[in-house]
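Right, one structure below, let's go through it.
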Amino acid sequence: MAPKRRKSASPVPPEPPKRHQTRSAAKATSSGGVPNEATKMDTESLETEESRQSKSKSTKKTVSKSSVSGTSKSSKEIHSRNVSGTIADSPSTSSVTDGKGTSAVLSLTHPSLKNPIHCELYNPASPSTETPQSPTLIFTHGAGGTLSAPAVVHFREGYASQLPIFLFQGSMNLAARVKAFHACVEHSKSNGPNPKEAIHAKHPPLLLGGRSMGSRAAVLTALDIVSRHPTTSVSLILCSYPLSPSKGDADTRSAPLLSLPPHCDVLFIVGSRDAMCPLEELGELRNEMLARSWLVIVEGLDHGMRAKREEELGRTAGEVAASWVRGERWEGEKRLGLGDRDVEVEE
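With the working numbering, the residue at position 274 of the sequence shown is 537, and numbering never jumps.
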């Protein structure tokens, strides 16, 4: 009888390659379960997505390098500097160009500030060549408002149609707002329209402004600057200056204006219905001020510059302010809103 042949053992199949597990797959395995088909597909899609992101990152780096090489010097400075008193490189930093001009959203850091401040820069589409280039207006909003408040937006649109304006977002604390003003002033010296001229000029002329509480901060900043550098030329654009006190602090509202030196120029823009800046009281104060002052009265508008035609009148007020910066002067007071777009001067 022939011996029985022993069957040879079947070859052991090779282990399948290990796949990268997703969190859901790892959870199922650790709990004793077996990943189902949906989990496997999730793992494969994750691997595909990771490879796509890797390719995307390398592509972005290439595009970024090529775009920087083609930008202007000013754009490089805005996006690359990150030192005290200059614009910080931030994901929120962006610029836009349209038919109305150019605009940029910036984040400004400074040793005196706890946190970066949000800033917006607007330039006209066609800068005027008729008069010497003026300094950029540094402007801020009121105590309870923001840069998107209608009164700020309307004024900014009118002003930026002719001249550059740099706005910053501040807190409700007056002292903190003054610190933010100083940070913006330092920044403007090296990043203004004429940075080379600003470097050679020890104390270049400054143009500060604000709305309501922001206008008070502008005045206090101007006083700080002229006390340290008496020969510095500072001009102020004060919209809806809160002259009438709410808690008996009349002196703190009027004293800074009375302390401005004679070589300062001040433009007041006030609504005719502004209860916080009575025209009669403002007129008496202007007579006592050493600084030269001009007044624009916007008919029908209150302290918040609200009325049926607030957008049109707000823009017109901004345009008049730009004309004043360019050198336009008048006797008495200028009134807006008496006609469709009439501007009347009272002697």
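From the three backbone atoms N, C-alpha and C, an ideal C-beta is built for every residue, glycine too.
Segment contact: the segment 399–412 against the segment 471–487, three or more CB-CB distances shorter than 8 Å; contact assigned.
In the DSSP annotation of this structure, the continuous segment of the alpha helix (DSSP H) that includes Gly-546 starts and ends at 542–551.
In this structure, the alpha-carbon of Ser-498 lies about 14 Å from that of Met-552. Annotation: the continuous beta strand (DSSP E) that includes Tyr-385 extends over 380–387. Looking at the backbone, the Cα of Ile-380 and that of Ala-584 are separated by about 25 Å. Straight-line spacing of the CA atoms in Pro-505 and Gly-546 works out to 14 Å.
The three-state secondary structure of Trp-593, taken from DSSP, is coil. Within a 10 Å sphere around the beta-carbon of Thr-484 sit 16 or more other beta-carbons, which makes this residue buried. Pairwise C-beta distances place the segment 525–535 in contact with the segment 556–575, as three or more of them are shorter than 8 Å. Linking Thr-494 to Val-441 through their CA atoms gives a straight-line distance of about 20 Å. The beta carbon of Trp-587 sits closer than 7 Å to the beta carbons of Leu-530, Trp-557 from its chain, once the five residues preceding and following it are set aside; these are given in chain order. Contact check for Cys-382 and Leu-430: beta-carbon distance about 7 Å, within the 8 Å limit, so the pair qualifies. Counting along the chain, Thr-365 sits inside the beta strand (DSSP E) bounded by residues 364–371.
Taking 8 Å as the cut-off, the Cβ atoms of Ser-490 and Met-539 do not count as close. Exclusion of the five residues before and after Ser-522 leaves Leu-486 as the residues of its chain whose Cβ lies within less than 7 Å of its Cβ.
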